[in-house]
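From first to last, the protein sequence lines stand for chains A and B.
When you read off a place in the first sequence, starting at 1, and then add 3, the result is the number in our numbering.
When you read off a place in the second sequence, starting at 1, and then add 3, the result is the number in our numbering.
Even for Gly, the Cβ is constructed at its ideal location relative to N, Cα and C.
Computed from a prediction, not measured in an experiment: that's the story for all the values here.
2 protein chains.
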Amino acid sequence: MTSPRALVSAYWAAAEARNWEAFGRLLSVDVVYQAPMSRERVSGRAAYLRFNAEGFTGDWHLAVERIVADEVTAASWIQMTDAGETYPGLTFFEVADGLIVSVTDFWPQVYEPPASREHLIERI
Amino acid sequence: MTSPRALVSAYWAAAEARNWEAFGRLLSVDVVYQAPMSRERVSGRAAYLRFNAEGFTGDWHLAVERIVADEVTAASWIQMTDAGETYPGLTFFEVADGLIVSVTDFWPQVYEPPASREHLIERI
């Protein structure tokens with residue numbers, strides 16, 4: 004049975020390749036996608052394939068920064084490049100019977116740290 | 004030797020308790036904290052303890068939503084409540100010799116999804 008780490012690695016490789024057939028083979032028929040910060044939910048493999056294939060048609064590219072995985076869950080940190088900008092995506096996965104059953108992702112934005120902690124940090 | 008999962012669990016428990024002595028015992032002397040979206044870096048245990056103890060003095064509380072861990076890395080998803088608002092924090096950890104050597108966190112903000120994918124989602 005495919006491990007959560009291998010599933011997530013294959014998930015991002017299939018997304019980068021726009022290979023939605025391979026992508027779909029990693030998903031449970033009941034997979035649920037959620038993006039808490041934009042309050043989006045997509046339920047079921049067919050809808051989630053459509054969401055990916057039709058919702059993001061640009062010339063984006065991704066690189067996996069880190070995958071952490073145990074027996075039933077995984078988390079990934081990717082760098083997405085789109086329209087000349089690169090930004091991170093953080094995703095939490097749940098796996099059952101060798102298939103991805105839930106995907107929850109976060110797309111944080113750039114912000115300025117408060118002046119109150121300026122003396123405690125250095126800027127990268 | 005303390006596992007990455009146990010370290011991260013203890014890290015958030017110590018933060019919630021403002022037990023900076025216990026918090027410090029989980030960290031390598033060379034720990035590096037980074038917040039990529041605000042371009043903040045804090046280097047070394049002493050500086051990172053000061054950053055936490057002095058940089059965030061409000062009446063915040065956190066609850067762990069999920070911890071994913073393997074042998075040398077971990078990721079956590081927490082819910083932070085501060086000033087009546089609750090929002091997620093996503094953190095990636097690296098561990099060596101039973102101590103946390105790097106902490107990278109992300110604090111995503113609320114955003115509206117583009118109208119172009121409105122027909123592909125439901126709102127949570």
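Other residues of its chain near residue i: CB distance less than 6 Å, five sequence neighbours each side excluded
| i | result |
| --- | --- |
| B:Val32 | Arg48 |
| A:Gln37 | Arg44 and Thr107 |
| B:Trp23 | Leu52 and Ala56 |
| B:Ala50 | none |
Closer than 8 Å to chain B by CB, residue i
| i | result |
| --- | --- |
| A:Thr76 | yes |
| A:Trp63 | no |
| A:Trp23 | no |
| A:Leu93 | yes |
| A:Tyr14 | no |
| A:Ser41 | yes |
| A:Val45 | yes |
| A:Arg48 | no |
| A:Gly101 | no |
| A:Leu123 | yes |
7 Å CB neighbourhood of residue i in its chain, flanking five on each side removed
| i | result |
| --- | --- |
| A:Gln112 | none |
| B:Ile70 | Arg8, Val11, Ser12, Ala77 and Ser79 |
| B:Leu102 | Leu29, Leu30 and Ser31 |
| A:Ser46 | Val35 |
C-beta neighbour in chain A for residue i, strict 8 Å
| i | result |
| --- | --- |
| B:Arg53 | yes |
| B:Phe109 | yes |
| B:Val113 | yes |
| B:Asp33 | no |
| B:Thr71 | In the sequence under discussion, the amino acid at residue 71 of chain B is Val, which differs from the Thr named in the question. Chain A, which has a Cβ nearer than 8 Å to the Cβ of B:Val71, makes this yes. |
| B:Glu57 | yes |
Residue i burial status per 10 Å Cβ neighbour count (16 or more: buried)
| i | result |
| --- | --- |
| B:Met4 | exposed |
| B:Asp73 | buried |
| A:Ala77 | buried |
| B:Ile124 | buried |
Pair within 8 Å by beta-carbon distance, residue i and residue j
| i | j | result |
| --- | --- | --- |
| A:Trp80 | A:Glu68 | yes |
| B:Ser41 | A:Pro116 | yes |
| B:Gln82 | B:Leu93 | no |
| B:Phe109 | A:Phe109 | yes |
Nonlocal neighbours in the same chain, by C-beta distance under 8 Å from residue i, ignoring five residues either side
| i | result |
| --- | --- |
| B:Phe26 | Tyr14, Ala17, Ala18, Leu52 and Asn55 |
| B:Ala99 | Ser31 and Val75 |
| A:Thr89 | Gln82 and Met83 |
Nearest neighbour of residue i, chosen from the options [CA to CA]
| i | options | result |
| --- | --- | --- |
| A:Trp63 | A:Val75, A:Ala50, A:Ile124 and A:Thr84 | A:Thr84 |
| B:Thr60 | B:Ala20, B:Arg120, B:Val34 and B:Ser6 | B:Ala20 |
| B:Ser119 | A:Leu102, A:Arg28 and A:Gly58 | A:Gly58 |
| B:Val34 | B:Val104, B:Trp23 and B:Glu121 | B:Val104 |
| A:Pro39 | B:His122, B:Ser6 and B:Tyr114 | B:Tyr114 |
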